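First comes the structure, then the notes that go with it.
Numbering (my numbering), first residue to last: 215 to 497.
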């Protein structure tokens, strides 16, 4: 049986504006909606109870009660099996568990290990260094570029003077501006880039503060960095998840937000004004 979310996706374009509001609310608050009455949902979405009931008919149900029952069944199924009923059959004949559930279990273990070994004192030092820096250069090469890009984007919403170094082209021309008042932030995961190590070593010789997010303390860049935050990922496989790295970077973003709330709010208000004026996002 298809999920409630997929059903809404298929029918979405045929719904009225009010029904779309209800549908979006149901998806966002699925657990809560499973036990609320149509009237309660209508009040939360600011539509009539009738609109909520009409949505159930538009989705092919016999009424609100049937729609809610399907939602309740889905929540129960998901709680017992996060990948849905179909995943129970994956490799069942061979006696193996689902490869997706195995990946999820590894991710959970990795996240727990990252949190257990988190050095909060080091983390707050990193936050302070980044806040005081006049300019921040972010470097991630190969597979490390994805979290570097994400971190650069998020950090740019908080402050100015953020430079994401390219993996090719004018990387050295950009890094020529490094000085003791700037920071080089390197994200380095296997397989480790020689260029990233060379750049980190050069910055170190120039007295530039060096921060590294990596999988282990003694990784090539990690062992020379002034501040090293690690995930200690399981390196048995050549395929490495970036989830723990994103979590560490998210901790840094959260720390800066807490420490510099007023200035960040002022900057984000300006950004929102620009987004609105230029129609950047779908409203």
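Note that CB positions come from ideal geometry on N, CA and C, so glycine has one too.
Note that the structure is a prediction, hence the values are computed from the model and not measured.
Sorted by chain position, which residues of the same chain lie with C-beta nearer than 7 Å to residue i's C-beta, five sequence neighbours on each side aside?
{"i": "residue 379", "result": "351, 352, 353, 385, 388, 389"}
{"i": "residue 409", "result": "355"}
{"i": "residue 301", "result": "Only weak support exists for where residue 301 lies, its pLDDT of 49 falling under 50; the coordinates are left without a value."}
{"i": "residue 348", "result": "375, 395, 396"}
{"i": "residue 504", "result": "Outside the shown range of the chain, which is 215 to 497, sits residue 504, and nothing can be said about it."}
{"i": "residue 248", "result": "282, 285, 286, 289"}
{"i": "residue 474", "result": "345"}
{"i": "residue 340", "result": "425, 441, 443, 466"}
{"i": "residue 479", "result": "none"}
{"i": "residue 435", "result": "400, 402, 410, 411, 414, 426, 428"}
{"i": "residue 493", "result": "none"}
When DSSP labels each residue in this structure, what does residue i get in the three-state scheme?
{"i": "residue 229", "result": "coil"}
{"i": "residue 496", "result": "coil"}
{"i": "residue 436", "result": "coil"}
{"i": "residue 406", "result": "coil"}
{"i": "residue 491", "result": "helix"}
{"i": "residue 389", "result": "helix"}
{"i": "residue 275", "result": "coil"}
{"i": "residue 420", "result": "coil"}
{"i": "residue 322", "result": "helix"}
{"i": "residue 288", "result": "helix"}
{"i": "residue 223", "result": "helix"}
{"i": "residue 457", "result": "helix"}
{"i": "residue 237", "result": "helix"}
{"i": "residue 498", "result": "Shown here, the chain extends from 215 to 497; a query on residue 498 therefore has no answer."}
{"i": "residue 485", "result": "helix"}
{"i": "residue 430", "result": "coil"}
{"i": "residue 314", "result": "helix"}
{"i": "residue 472", "result": "helix"}
{"i": "residue 332", "result": "coil"}
{"i": "residue 249", "result": "coil"}
{"i": "residue 270", "result": "helix"}
{"i": "residue 304", "result": "Below a pLDDT of 50, predicted positions are generally treated as unreliable, and residue 304, at 47, falls in that range; no measurement from the model is reported."}
{"i": "residue 262", "result": "coil"}
{"i": "residue 366", "result": "helix"}
{"i": "residue 412", "result": "helix"}
{"i": "residue 384", "result": "coil"}
{"i": "residue 257", "result": "helix"}
{"i": "residue 339", "result": "helix"}
{"i": "residue 372", "result": "coil"}
Checking the sheet assignment: what are the DSSP bridge partners for residue i?
{"i": "residue 354", "result": "401"}
{"i": "residue 396", "result": "349"}
{"i": "residue 425", "result": "399, 441"}
{"i": "residue 378", "result": "352"}
Near residue i, what residues of its chain come up, given a Cβ to Cβ distance below 8 Å and the 5 sequence neighbours on each side ignored?
{"i": "residue 495", "result": "489"}
{"i": "residue 407", "result": "355, 356, 358"}
{"i": "residue 241", "result": "218, 219, 222"}
{"i": "residue 451", "result": "Any reading at residue 451 is ruled out, since the residue's pLDDT is 44, under 50, leaving its predicted position unreliable."}
{"i": "residue 333", "result": "443"}
Considering only heavy atoms of the ligand FMN, does any lie closer than 6 Å to the CB of residue i?
{"i": "residue 474", "result": "Questions concerning the ligand FMN fall outside what the structure shown contains, since it holds no ligand whatsoever."}
Quick one: what's got a C-beta closer than 6 Å to residue i's C-beta in the same chain, skipping five residues either side?
{"i": "residue 460", "result": "361"}
{"i": "residue 256", "result": "262, 263, 266"}
{"i": "residue 398", "result": "351, 417, 422, 424"}
Under the assumption that residue i contacts residue j (Cβ atoms under 8 Å), give the Cβ distance between them as a whole number of angstroms.
{"i": "residue 442", "j": "residue 426", "result": "5 Å"}
{"i": "residue 272", "j": "residue 263", "result": "With 8 Å as the limit, residue 272 and residue 263 do not qualify as a contact, their Cβ atoms being about 15 Å apart."}
{"i": "residue 324", "j": "residue 228", "result": "Contact flag wrong, Cβ pair sits at about 42 Å."}
{"i": "residue 365", "j": "residue 432", "result": "Rounded, the Cβ-Cβ distance is 22 Å, inconsistent with contact."}
Report yes or no: is there a C-beta of chain D within less than 7 Å of the C-beta of residue i?
{"i": "residue 327", "result": "No chain D appears in the structure shown, which is made up of a single protein chain."}
TODO: Determine contact between the region 412-423 and the region 391-399, defined as no fewer than three beta-carbon pairs at a distance below 8 Å.
DONE: yes
- [ ] Flag this pair as touching only if the region 354-374 and the region 453-467 have three or more C-beta atom pairs under 8 Å; answer yes or no.
- [x] yes
Task: Three CB pairs or more closer than 8 Å across the region 230-244 and the region 264-272 - done: yes
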